[in-house]
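The structure appears right after this line, and notes come after that.
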Amino acid sequence: YDTPSEALNGITDLAYVDAVRIEFGSSYETLDWCDLQDLRDKEHTDRTPGCPQFWPDAAGQLRFWPSPDKAYTVTVDYFRSMTDLAVDADVDSDIPPAFKALVKWKAAEILSFRLRDPNARADAAAMYAAALRRKVGGEAFAQRQTSRQVGRSPHRYR
């Protein structure tokens with residue numbers, strides 16, 4: 013991209029920017045975020061171009077301070093905006109496969125509550141709980157201490 017504003021405009025699924033890095037030869041330096049007022053204060057006190065150190069995003073544009081003294085390669089780490097799944101053909105590729113059952117049953121539980129269907133809500137809640145137990149039992153850390161052991165620990169809160 014030729015300008016920072018083109019960089020953000022080129023991202024079609026931008027939810028928000030997480031980090032901005034600038035390339036120095038073969039390494040990357042993470043720039044510090046600052047709010048727009050801090051940027052204005054910095055620009056007011058020092059207008060000398062140099063290697064960017066700070067960035068805010070303002071009105072969909074990425075800005076730098078100090079203003080770049082040459083062309084740099086910038087990498088933008090960002091969170092994608094989620095798209096609504098509207099028809100059966102839509103792909104839910106944003107959801108990791110291991111969590112699809114959890115999302116499906118929790119959504120069914122919430123929807124059945126909104127539809128005032130207590131039987132469907134109870135069924136969906138049971139299926140969600142079962143999927144959660146399978147997830148926790150298979151991939152999460154197992155509890156290593158009982159509540160009695162934790163209670164006797166000198167590190168517990170009193």
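Take the sequence shown: its position 54, counting from 1, is numbered 66 in the numbering used here, and each next residue is one higher. Just so you know, even glycine gets a beta-carbon here, dropped at the ideal spot from N, CA and C. All of these numbers come straight from a predicted model, not from anything done at the bench.
Roughly how many angstroms lie between the CA atoms of Trp67 and Pro80, to the nearest whole one?
Cα-Cα distance, rounded: 11 Å.
Which listed residue (Pro109, Val32, Gln49) has its alpha carbon closest to that of Glu41
Val32
Quick one: is Glu55 buried, meaning 16 or more other Cβ sit within 10 Å of its Cβ, or exposed?
exposed
Own chain partners of Leu86 with C-beta closer than 6 Å, once the 5 adjacent residues on each side are dropped
Per the sequence shown, the amino acid found at residue 86 is Val instead of Leu. Here the set comprises Ile34.
So, using beta-carbon positions, are Lys112 and Tyr140 closer together than 8 Å?
No, the Cβ-Cβ distance between Lys112 and Tyr140 is not below 8 Å.
If we call anything under 8 Å between Cβ atoms a contact, is Pro64 one with Tyr84?
yes
Check whether Asp30 and Phe91 have beta carbons under 8 Å apart
yes
Rounded C-beta distance between Glu121 and Ala136? I'm assuming under 8 Å.
Indeed, because the Cβ distance is near 4 Å, the residues count as touching under 8 Å.
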